[in-house]
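What follows is a short report on a single structure.
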Amino acid sequence: MQLVARTNPVKTLPATGGQVLRDVVGVVAIAALGVAGYFLFPDNLALLTRLIALALLALSLDLVVGYCGIATLGHAVLFGAGAYAAGIACVNGMTEPLTLIAIGAIAGAGAGLVMGTIMLRAHGLAQLVLSIAIVQLFHEAANKASAYTGGSDGLAGLSVGPLFGVFEFDLWGRTAYLLGLVLLVVVFIGLKFIVASPFGMLCRGIKEDPIRIRAMGAFVAPNLLKMFVISGFVAGIGGALAAISTQVVGLDSISFELSANALVMLVLGGIGTLYGAIVGTIIFMGFEHIVSAINPFHWMTMVGVLLIAVVIAAPQGVSGLFDRLWSPAGRGGRS
Amino acid sequence: MRSVAGFGTAERDTSMQTVFSIAIDALAYGMALFIICIGLSLTMGLMRVVNLAHGAFAMIAGYIASYAVRDLGIGYVVAILLAIAGTVAISIPLERLLYRRIYGSPQLTQVLMTIGITFCVIGITNYFFGPTLKTIPLPAALSQPVDLGFRSVAAHRLFVMACGAVVALGLWFFIEKTAFGIRLRATVDNASISEALGIRTQAVYTISFAIAMGLAAFGGVVGAEFLPIEPYYALRYMVTFLVVVSVGGAGSIPGALIACLVLGAVDTTGRYLMPEFGNFFFYAAVIAIVWVFPRGLLGKAQ
Amino acid sequence: MVGRKLLGAALGALLLGTVSASADTIKIGIIGPFSGPFALQGKNFQAGVEAFMALNGKSVKGHDVEIIYRDLPAANPAQSRALAQELVVKDKVQYLGGVYFTPDAMAITPLLKQANTPLVIFNAATSAIMNTSPLVVRTSFTTAQTTTPLGKVAFDRGIKKVISVVSDYGPGVDAEVAFKKAFEAAGGQVVEAVRMPLNTNDFSPIMQRIRDSKADAVFAFLPSGPTTLGFVKAYNDTGVRQAGVKFLAPGDLTQESDLPALGDGAVGLLTSFHYAVSHDSPENKTFVEAAAKAIGSPEQLSFPSVGAYDGMHVIYKMIEATDGKQDAEKAVNAVKGLTWTSPRGPVGIDPETRHLTQNIYLREVAKDAAGKSYNKEIQTFANQKDPGLAAP
Amino acid sequence: MNGVFQVDNLSKAFGGLTVSRDISITMKEGARLALIGPNGAGKTTFVNLVTGQLRPDSGTILLGGENVTRLGSVRRVRKGLVRTFQVTRLFSDMTPEEHVTLTVLQREGRASRILSRFFNDSAVAGEVESLLDALGLLEVARRKVGEIAYGQQRLLEIAIALALKPRVLLLDEPAAGVPQSETPRIEQALERLPPSLAVLMIEHDMDLVFRFARHVVVLAAGEIIFEGLPAEVAANSKVREAYLGSYANARQHA
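These protein sequence lines are chains A, B, C and D, in that order.
Position 82 (the first sequence) corresponds to 82 in our numbering; numbering is contiguous.
Take any residue in the second sequence, note its place counting from 1, add 335, and you have its number in our numbering.
Take any residue in the third sequence, note its place counting from 1, add 637, and you have its number in our numbering.
Take any residue in the fourth sequence, note its place counting from 1, add 1029, and you have its number in our numbering.
Given below as structure tokens:
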């Protein structure tokens, strides 16, 4: 035991600080961008609120895809669970917005537990297919349970009470937007802590090599499941935010299409950084909004071209491109 | 007494007929799926590309065939050949320009690229051909019902089954028994050694891609009676194709065949017995199969 | 990263901020599926709007009218609300119109009061939408409205037993319920009611069930497009038709834009609906001419166009009544009880429900002299209200 | 004979092919055992059976007197049965410091914690530093593993294993793939392993085996054919026949 017992190292490693500084800058940038959005686009707040809800979904997806290496095309299950839970609670008289957000988060976490339990059985392509099957089943179940969910007509008639009893969710959507922005920043900071925690490192390790992690004496499946639950919590917040701000929950919120969109946004922005999730959502939704306003009939081609262009110009996603610009010397080795 | 017994027999006959009838429907649907999907199984299993744009190429073929038969008055068989040739001709430059960049890329990058291609194809099709359904009129021989004794079946369904069998056998022979098949498998196993052995791997990839697209085209045209051609085809059935191929085990011809037949049977039977829960059956079967065979029915270990 | 994002934001502002209102222009925001799987219906909205403006001018009482289209490819209430909010707040539209899907309409109605903006629905066909806001007017139809007369007519034509087969979603269930009620009230019997998933590709097992049910006719409802085509094909191919089982459906199934694809297989199908492109009247002739020009090829013309056309008529009347001032309540009150002759026949806005009262026609798919399929109107049920709203 | 690690009559067959037959090994504290044998003798299978990657068909594995045969691989690691890999299994995007820190935290049951920082415990940091220092990895502690030399990666494998404070350490070819110039560093690291630790090493490099091992077991075709002192191995005719002869031949030809 001599190796371990020795306590006076010859050389001492300096403290780590660069990453923390970068993250502080990043969080401030997100908050500043959000506030800027509030003043620059006062008439587009509903759209921006939707963007925030989807950014939360993309962030949640990044936890699973980017930090655990689990590809999923069914992540909307977690988002939809949050949206429907908040929606159903609201229709049944629970109108306090923060409570609704909490209900959504818990429902999302529960859905994450179910989804994770099933998906962790398989690997690779089979896992992807499981995720698709699960989202289709949930979609179908939500359609069937129309007495509770409104089925394909959507769950309407949500009248959310004012935030803190003061701020109404009105036409201009200021309350919803600011609530969303605060949630986003808080969640982002929380996630930055989580991915930098021992647990976050462990998950990164599992992503690269589960056998190595087992040989280190750590269980793989329970940790991945834990990440699924956290991911569900975040997606559930996103879903509840969407439900509160639009006052309607539709089947689209628990669909394959939404799952695929979220994955596209995330990969577009770059996986495994958390920033990529936000950047990807802004680019995808912003681009879609602009081109579909310019030409509502044939904008899809332009979105396709954008995706192809990103793969060619920045295979690591847009934030990967940014990373290369930020430190041209440092990260050349990533492949 | 006799009448009761007679009634019982009649009852059993009807139920047997129903079982046969459902089996025939299931077989036809499964085979149609197989023809469309097998090309995707090749690209995913042998070339390791998750080509979500597979359906887009099947759709292009459908448009070509529809145009050829309806507007140019060309015969059905010639139209099929024309559609295959046309689709392959469109796909080769795309392979050179786009797909070649994503061989060996992470799956998610491939997903992004091929979804992008799908969006473009949909947008362009919508622009030039409009959003309406396009049919491919069948020749008289295929549009008549054929009497099988206990029921009549559209001749086209029998044709699809025959096509499926031919494709399965032909492809198996091609990959297992021909010189090109050997090269293809060698390239897949280890591209750099194959290259050292003098195999032109780029050419092998291009040809394999062209074959996969040709199969997509064939499936798109022949299967159009089941999956009608319209611009949204490429996205509408993307999930079905992906699921079927993965359940079978990417790259395995018998795997894809079994998956199509099993899922076709589950789908058809489920929709007969309890249509209101039709999708539940299909996806529950998918989950069950993947649960038991985490690599797909006949998928190879990593 | 900050720089990049701000650059993006600035670019966005540049692109989005260019539309500025001139004082004398009244803007109308139209939301519809202009791309995606339902793009054809969106195109029909546009054709209806453009046909109306071509025939009635682009200004009302000296106020210029400007249309802003916003794409909503599939049912997506969150997106719908965001688009409506943006149209109201940013683009300053005075009227909202369009909306193809029910949940999308449901997402917009809570905004109307605060926005002081009426919504004229060109399509979304669930009865309940009208109860969610007093500022909604609808110029389309409801599934119950178009389906109910079919129940009686089926019984009168000697059909006693029917199997109902619908897609398992809101409109499908509405259709099933409405038909069953009307048919059983007339004395018939619905022997079986099957609801199948929306994304069914192969209908042969359903056809087997229809055969097994020994019904005289099948009542069907599916979303238009590929599913309808597959269903009608299976009806012909599997011998259900040859076995003498009649086909009854609301007219959504045989909409004109699908008829070329349905081909000979559709001939003889019986449907009930509020509008056929072939409707024989001078108003319709003018309309079809203008709308066909707007949409490019006349084969793509279908029922959403007439919903949009009449919707524009209502909006023009609203502008007239308010003289260009934004007053949603006054505008809606002005059109309550309004009657006019639409391309589909005589229509009126029911002052109670704000839904359109109109004729429903029984039609049969037939071939014209040139061999083209069309919906031939063979019977008229005059002045039908929405039974879904009449009896809540 | 009771030791810290005892394997009794371990057998495993894949279909009809027996890959391990009746293998019994006992190790005491401080043991230095080398497991050698020609390619395909079943050495790595043996490690996989012992560490729980594979289930044996029969036989028992005792660790400190406790039967661990039915435990999963993770639980065995937690009880002190630790292995390294023949081909390095490391996270190319992480640094050696991160690898060892993660391992130490995991050993202390803190690796799954969400609400704590990765680098904030000075005791852990001190232990990590001394481990890295002992294996000569301090100067590359903050480099990404993908960028450091292969020999250093092999050393990191050992550092990770040691960070788990094992009772029994299984080294699967610690010098495999390491260039000649870097082997002395590996040897040095092996020499300085804690004396009380029981070490089982699989190795092809006979020089390393003779220098390191106090006891040698020879495996051929899944069976133990020799067990004894290193000095006796070369003299044993069975071993010469089954292994050393062909091995020497192979070397001459190579």
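Beta carbons are placed, not taken as given, at the ideal position from N, Cα and C, and that holds for glycine.
Since we're looking at a predicted model, the values are computed, not measured.
Compare the C-beta of residue i with all C-beta atoms of chain C and state if any pair is closer than 8 Å.
| i | result |
| --- | --- |
| L306/A | no |
| A85/A | no |
| M300/A | yes |
| L47/A | yes |
| D278/B | Missing from the structure shown is residue 278/B; chain B here goes from 336 to 637 and no further. |
| G631/B | no |
| S543/B | no |
| F342/B | Note that F342/B scores a pLDDT of 43, beneath 50, so its modelled location is shaky; the value from the coordinates is reported in the next line. It does not: the Cβ of F342/B has no partner Cβ on chain C nearer than 8 Å. |
Following the continuous alpha helix (DSSP H) through residue i, name the residue where it begins and the one where it ends.
| i | result |
| --- | --- |
| G583/B | 573-583 |
| Q1217/D | 1212-1220 |
| V702/C | Element bounds for V702/C: not the alpha helix (DSSP H) but the beta strand (DSSP E), 700-708. |
| N112/A | Residue 112/A is actually Gly in this sequence, not Asn. From DSSP, the alpha helix (DSSP H) with G112/A extends over 97-119. |
| M394/B | 389-401 |
| A852/C | Note, A852/C: premise wrong, no alpha helix (DSSP H); not H, not E. |
Taking C-beta pairs closer than 8 Å, name the residues in chain B that residue i reaches, listed in chain order.
| i | result |
| --- | --- |
| L57/A | The contacting residues do not exist; L57/A stays about 16 Å from chain B at best. |
| A898/C | T467, L468, K469, T470, P563 |
Shorter than 8 Å from the beta carbon of residue i to some beta carbon of chain B?
| i | result |
| --- | --- |
| R832/C | yes |
| H123/A | yes |
| E140/A | yes |
| A133/A | yes |
| D708/C | no |
| P315/A | yes |
Where do the N-terminal and C-terminal ends of the beta strand (DSSP E) with residue i fall, by residue?
| i | result |
| --- | --- |
| P887/C | 883-887 |
| V1197/D | 1197-1201 |
Starting from the Cα of residue i, find the closest Cα among the options and give me that residue.
| i | options | result |
| --- | --- | --- |
| C90/A | M265/A, L155/A, P315/A, T301/A | L155/A |
| L163/A | G151/A, A147/A, G180/A, Y148/A | G180/A |
| A971/C | P980/C, G982/C, R981/C, P988/C | P988/C |
| Q19/A | L61/A, K192/A, L113/A | K192/A |
| M690/C | A927/C, E957/C, K962/C | A927/C |
| F840/C | Y434/B, M394/B, R606/B, Q352/B | R606/B |
| L938/C | L677/C, I665/C, T662/C | L677/C |
| I1090/D | H1128/D, G1066/D, S1145/D, V1033/D | V1033/D |
| E1014/C | K973/C, D917/C, P941/C, T923/C | D917/C |
| Q1181/D | L1258/D, S1151/D, L1164/D | L1164/D |
Does any C-beta atom of chain A lie closer than 8 Å to the C-beta of residue i?
| i | result |
| --- | --- |
| V1129/D | no |
| S659/C | Caution is warranted here: a pLDDT of 43 is assigned to S659/C, below 50, making its placement in the model unreliable, and no coordinate value can be reported. |
| R442/B | Per the sequence shown, residue 442/B should be read as Gln rather than Arg. True, the Cβ-Cβ gap to chain A drops below 8 Å. |
Using a cut-off of 7 Å between C-beta atoms, extract the partners of residue i located in chain C.
| i | result |
| --- | --- |
| G173/A | Q722 |
| G613/B | M833, P834, T837 |
For a contact meaning CB atoms closer than 8 Å, what does residue i contact in chain A?
| i | result |
| --- | --- |
| S581/B | L125, A126, L128, V129 |
Could you list which residues in chain A have their beta carbon closer than 7 Å to that of residue i, in chain order?
| i | result |
| --- | --- |
| W626/B | R121 |
| D1036/C | In this structure chain C extends from 638 to 1029, so residue 1036/C is not present and cannot be described. |
Just checking: is the beta-carbon of residue i within a distance shorter than 8 Å of some beta-carbon in chain D?
| i | result |
| --- | --- |
| T7/A | Here T7/A scores only 40 on pLDDT, less than 50, and its place in the model should not be relied on; the value that follows carries that caveat. Yes, T7/A counts as interfacial toward chain D. |
| E208/A | yes |
| I70/A | no |
Less than 7 Å between the CB of residue i and some heavy atom of the ligand GTP, yes or no?
| i | result |
| --- | --- |
| V557/B | With respect to small molecules bound, the structure shown includes none, and the ligand GTP cannot be examined in it. |
Could you name the residues that DSSP lists as bridge partners for residue i?
| i | result |
| --- | --- |
| H1233/D | Looking at the DSSP assignment, H1233/D forms no beta bridge with any residue, so it has no partner. |
| P480/B | A489/B |
| E989/C | DSSP, once it has assigned bridges, lists no residue as partnering E989/C. |
Mind listing the chain B neighbours of residue i? Cutoff is C-beta to C-beta under 7 Å, in chain order.
| i | result |
| --- | --- |
| L866/C | L468, P563 |
Tell me, please, whether the CB atom of residue i is closer than 8 Å to any CB atom in chain F?
| i | result |
| --- | --- |
| S319/A | Looking for chain F here will not work: the only protein chains present are A, B, C and D. |
Residues of chain D with a CB under 9 Å from the CB of residue i: which are they?
| i | result |
| --- | --- |
| I198/A | One point to set straight first is that residue 198/A is Pro, not Ile, in the sequence displayed. Near P198/A (Cβ distances below 9 Å), the residues of chain D are T1130, L1131, L1134, Q1135, R1139, A1140, S1141, R1142, I1143, S1145, R1146, F1147. |
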